[in-house]
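Report on the following structure.
Number of protein chains: 2
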Amino acid sequence: MSTDEWSPQGPVAELSDTECWALLDGTSLGRLGVSVDSQPEIFPVDYHADGSTVLFRTASGTKLHELLKNDSVVFEVDSRVGDAAWSVTVKGRAIVLTTPDDIDAADRRPLPEWHPTKPFVYVTIVPSTISGRRLNRHVTAEIAR
Amino acid sequence: MSTDEWSPQGPVAELSDTECWALLDGTSLGRLGVSVDSQPEIFPVDYHADGSTVLFRTASGTKLHELLKNDSVVFEVDSRVGDAAWSVTVKGRAIVLTTPDDIDAADRRPLPEWHPTKPFVYVTIVPSTISGRRLNRHVTAEIAR
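Heads up: the sequence lines are chains A and B, in that order. Taking the numbering used here, the leading residue of the first sequence gets 1131, the next gets one more, and so forth. Taking the numbering used here, the leading residue of the second sequence gets 1131, the next gets one more, and so forth.
Right under this line is the structure:
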């Protein structure tokens, strides 16, 4: 934790890259944010993080698949348990895997199973930045608003 | 449920507006998506939904506050319990509340408590569309990939 500060909700700790990847490794549902013509969109996706990339699937021809034409994406995972909360955000480029070697490697990663009714593509996010924050809520009794 | 179809993960049901607002009413952590210069951003926010608007707070001067200069936003809430999953998405305009009457009304809504170390603003999302999907995973045993 490199920096501690107070947020309006309580103390905030910035997480190291290693801590961020460990948190991503511990869960499998994240949200992909994309933007087309200044309209943001968010899609929940099942993913696998391996410490350097994020991998997910999307069916061919879906809206999400189309929107990846703007490959500048954000990926966010968060959790809140009791008074503790964390959030990890990855920014980077989304790349649709096309070569047999890349697809074979993706097939071996432990993504959730997928119902084989439609063809899908693998998408990987190559991060430019990763950041995370952990928040501990210290709500006082005398809060006015 | 107006339309049933199959997704690659199983059957999908589109949810009515009423069902979407009921799901939003049942939880309090969502994700706000904004876009500036084609760069999408996602922020987890505690919110309150009252059946027609979404309300949340942000500290004055934060990055999120700045980004709302592009007021076209998306707000997404999802849940996954066992084989069932749902996601609700609201698109609309984000408006920072400024009048005493609006702020008084917001003060009365049951948002989570807030640590009073920094001034904050209330932000409401006035929806242009709301949509939701419920997914039931029917993963077969013979999945190949």
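For every residue, glycine included, the Cβ atom is placed at its ideal position computed from N, Cα and C.
Item to check | Proximal residues of chain A, C-beta to C-beta of B:L1101 below 7 Å | outcome: Examination of residue 1101 of chain B is not possible in this model, given that chain B is present from 1131 through 1275 alone.
Checklist entry - Going by Cα to Cα distance, which pick from B:D1147, B:L1265, B:E1144, B:A1143 is closest to B:D1213? => result B:L1265
Item to check | A:R1239 at chain B interface by Cβ criterion, 8 Å | outcome: no
Item to check | Assigned exposure category for A:P1174 - 16 Cβ within 10 Å defines buried | outcome: With a 10 Å radius around the Cβ and a threshold of 16 neighbouring Cβ atoms, A:P1174 comes out buried.
Next on the checklist: Considering only the alpha carbon of each residue, which of A:A1189, A:T1148, A:S1261, A:V1211 lies closest to A:L1227?
Outcome noted: A:L1227 has its Cα closest to that of A:A1189, out of A:A1189, A:T1148, A:S1261, A:V1211.
Next on the checklist: Give me the subset of the segment 1201-1219 of chain B whose CB atoms are less than 9 Å from a CB atom of chain A, sorted by chain position.
Outcome noted: S1202, V1203, V1204, F1205, E1206, D1208, R1210, A1215, S1217, T1219
Next on the checklist: Does B:K1193 come out as helix, strand or coil in the three-state DSSP assignment?
Outcome noted: Three-state DSSP puts B:K1193 in a helix.
Checklist entry - So, are the CB atoms of B:G1222 and B:V1203 less than 8 Å apart? => result yes
Checklist entry - Going along chain A in order, which residues have a C-beta closer than 9 Å to the C-beta of B:S1168? => result S1165, V1166, D1167, S1168, N1200, S1202
Checklist entry - With 8 Å set as the bound, which would you pick, yes or no: does the beta-carbon of A:E1171 sit closer than that to a beta-carbon of chain B? => result yes
Next on the checklist: Under DSSP, the alpha helix (DSSP H) around B:T1219 begins and ends at which residues?
Outcome noted: Looking at the DSSP string, B:T1219 is not in any alpha helix (DSSP H); the run it does join, the beta strand (DSSP E), is 1214-1226.
Checklist entry - Counting only beta-carbon atoms, is B:R1161 nearer than 8 Å to chain A? => result yes
Next on the checklist: Using the three-state DSSP reduction, which class does B:D1201 fall into: helix, strand or coil?
Outcome noted: coil
Next on the checklist: Is it buried or exposed, A:S1258, if we count other Cβ atoms within 10 angstroms and call 16 or more buried?
Outcome noted: exposed
Checklist entry - Can the beta-carbon of A:L1198 be found less than 8 Å from the beta-carbon of A:V1164? => result yes
Item to check | Under 8 Å between C-beta atoms of B:R1187 and B:L1241 | outcome: yes
Item to check | Contact set for A:D1147: own chain, Cβ-Cβ below 7 Å, skip 5 residues either direction | outcome: I1260
Item to check | In DSSP terms, what B:S1261 is bridged to | outcome: B:T1219
Next on the checklist: Quick check on this structure: which residue in B:T1219, B:D1167, B:D1201 has the alpha carbon closest to the alpha carbon of B:S1209?
Outcome noted: B:T1219
Checklist entry - So the alpha helix (DSSP H) B:P1230 belongs to, where does it begin and stop? => result 1230-1237
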